[in-house]
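Note sheet for the following structure.
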Amino acid sequence: MAARVFAAVDIGASGGRVMAGLVEGGSVSLRPVHRFANPLVETAGSLRWDFDHLHREMLRGLRRLARACPEVESIGIDTWAVDFGLLDAAGELLAPPVAYRDGAAAQVVDDVHATVPPEELFAVNGLQFLPFTTLYQLAAQQRGLLWDRAAHVVLVPDLLAYRLTGRLRTELTNASTTGLLDVRTRRWSDELLRRLDIPRGLLPDLETPGTVRGVTGALGAPVPVTTVGSHDTASAVVGIPATTDSFGYVSCGTWSLVGLELPAPVLTPDARAANFTNEIGVDGRVRFLRNVGGLWLLQECLREWNSPDIDDLLAAAAALPPGGPVIDVDDPALIAPGNMPARIAAAVRDGDSDGGRGGRVPRTPAALARCIVDSLALAYAHTLRRAADLTGRKVEGIHLVGGGSRNELLCRLTANEAGVPVVAGPVEATALGNVLVQARAHGAAPATLEDLREHLARASTLRRYEPT
Ligand code: LFR
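Numbering of the sequence shown is given in our numbering, commencing with residue 1 and proceeding in unit increments.
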């Protein structure tokens with residue numbers, strides 16, 4: 001039987017890729033076709049994404065894929081969450097999308113909370129507080145020059161799908177990161193939209209993963225674009241090779257998304273106080289998680305150090321003794337780009353978050369890398385313990401997926417801090433989740449998430465770290 005081919009476009013804050021997903025019998029595999037950078041650019045006084053570059057590179061990758069695999073059956077698109085473009089009435093993008101690391105949204109948080117207090121926001125949208133959630137970004141746009149001309153607010157993966165198909169929709173898992181979705185009804189919240197003065201007509205209708213969005217002729221022969229979990233984290237959670245339901249997960253890329261999969265949201269005051277989020281997953285599952293700092297901290301240091309070899313650096317970090325200083329990886333002061341080694345050193349100097357663990361300011365790249373990895377592992381263990389407390393669930397093992405699963409030191413330290421085994425991989429959980437949801441929609445993969453994950457567990461090479 002020949003493999004069936006599905007194209008995954010997966011773009012994260014640190015780079016994009018187009019992959020051919022090959023689904024055959026009980027197995028799924030990926031063939032990388034094209035990789036490209038996704039640099040932040042500063043234009044018109046804001047940090048932005050170069051959307052035309054992303055669109056061009058997506059097309060380049062898809063055309064290359066179609067040449068190699070003319071039998072490709074469908075395309076699925078996922079990207080990071082939260083960010084959006086404004087389209088005018090003619091469907092033209094008014095400006096490149098502002099990036100969530102731009103500081104403008106944080107400036108209007110207090111104004112928004114004066115209109116709708118945070119506890120009322122949480123009661124409807126179930127989200128953790130992040131200063132860049134779409135609703136704050138929209139409040140910043142409402143004060144800007146383009147707002148009067150905006151006819152559509154379109155999330156980034158839906159913008160790419162719009163360029164391919166001409167159809168405007170908002171994919172549900174990503175809609176759940178905007179803060180404007182009612183997490184119980186899973187519809188746009190008319191109440192929040194009214195109170196925040198956002199016309200409902202600006203938001204395209206919702207669409208669930210597994211629906212065919214439209215057809216593109218951009219590759220020659222017409223190919224359907226199938227809606228997947230277009231929030232990369234939603235696709236990554238589909239791509240967890242779990243074989244039980246008592247798992248916690250860490251999806252580690254630019255961010256670490258750390259939590260549990262639940263059947264229903266947890267909207268208790270304790271969950272809010274602990275800043276947990278209830279994002280919607282594929283098949284209506286709830287992603288009960290927190291955004292914890294991620295590889296961003298390391299990537300920004302590497303950029304500052306002119307990109308030394310990461311494997312050598314991590315080997316030197318691993319050789320350092322345990323018990324060194326740790327920082328609060330969720331410190332909002334670490335969100336913006338630039339000067340990261342100095343900011344981390346300052347966080348060690350000023351911080352009281354190390355619980356008495358030294359506080360010696362790390363000066364060498366290896367010591368800084370070790371401080372970052374120690375801090376991440378500690379934050380993962382703490383977050384999963386908290387998630388278990390808040391939900392009454394047991395976490396018997398942790399699946400660590402995404403780019404961070406390559407980092408053996410991180411996996412080992414996480415197992416030690418959490419006191420449960422860590423199963424590392426797949427690195428490309430997001431693209432796999434993207435492919436599997438498409439494959440299922442086109443009758444090439446099983447119906448339930450549990451069966452899809454079994455599929456994946458069989459097909460993946462995973463590493464297991466026992467706590468010591
Ligand atoms: C991960 C991610 C997170 C989201 C952050 C910003 O790539 O999508 O889930 O909170 O990026 O969009």
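Virtual Cβ for every residue (Gly too), placed ideally from N, Cα, C.
In this structure, the beta-carbon distance from valine 282 to alanine 234 falls below 8 angstroms.
Shortest Cα-Cα distance from alanine 274 to any of Leu127, Asp110, Gly397, Leu87 involves Leu127.
Put simply, the region 136-144 touches the region 99-107. At least three CB pairs are less than 8 angstroms apart. Of Ala161, Ala150, Phe122, the smallest CA-CA separation from serine 189 is found for Phe122. C-alpha of proline 421 to C-alpha of threonine 165: approximately 44 angstroms in a straight line. Check the Cα spacing between proline 426 and each of Thr414, Pro446, His399: the tightest is with His399. Taking a cut-off of 8 angstroms for Cβ pairs, the region 329-340 and the region 388-395 do not touch, as fewer than three such pairs fall below it. If you draw a 10 Å sphere on the C-beta of threonine 178, you find 16 or more other C-beta atoms in it, and that means buried.
By the neighbour-count criterion, in which a residue is buried when 16 or more other Cβ atoms sit within 10 angstroms of its Cβ, leucine 145 is exposed.
For valine 258, the shortest separation between its Cβ and any heavy atom of the ligand LFR does not lie below 7 angstroms.
The alpha helix (DSSP H) runs of length 4 or more contained entirely in the region 346-403 are, from start to end of the chain, 365-391.
Beta-bridge pairing by DSSP links glutamate 279 to Arg287. Judged by their CB atoms, phenylalanine 36 and valine 23 are not nearer to each other than the 8 angstroms cut-off.
By the criterion of at least three beta-carbon pairs nearer than 8 angstroms, the region 313-328 is in contact with the region 402-419. No Cβ-Cβ contact shorter than 8 angstroms links alanine 381 with leucine 320. Considering only Gly239, Pro265, Trp296, Arg385, the residue with the shortest C-alpha distance to threonine 185 is Pro265.
Distance from the Cα of leucine 202 is smallest, within the candidate group Ile240, Arg149, Ala379, for Arg149. In terms of side-chain proximity, the C-beta atom of valine 124 is found no nearer than 7 angstroms to any non-hydrogen atom of the ligand LFR. The distance from the Cβ of aspartate 328 to that of alanine 347 is about 7 angstroms, consistent with a contact at the 8 angstroms cut-off. The region 73-88 and the region 220-234 touch, with no fewer than 3 CB-CB distances between them shorter than 8 angstroms. Of the heavy atoms belonging to the ligand LFR, at least one sits nearer than 7 angstroms to the Cβ of tyrosine 100. Check the Cα spacing between arginine 458 and each of Met19, Ser29, Ala13, Ala3: the tightest is with Ser29.
At least 8 angstroms separates the beta-carbon of asparagine 125 from that of leucine 160. Pairing aspartate 232 with aspartate 50 gives a Cβ-Cβ distance that is not under 8 angstroms. Judged by the Cβ position, valine 82 qualifies as a neighbour of the ligand LFR at the 7 angstroms threshold, a heavy atom of the ligand being closer than this. Under DSSP, the beta-bridge partners assigned to leucine 87 are Leu93, His152. Rounded to whole angstroms, the separation of the alpha carbons of leucine 219 and leucine 62 is 7 angstroms. Here DSSP, grouped into helix, strand and coil, assigns threonine 79 to strand. For threonine 216, the three-state secondary structure derived from DSSP is strand.
Rounded to whole angstroms, the Cβ separation of proline 204 and valine 215 is 18 angstroms, and the two are not in contact under 8 angstroms.
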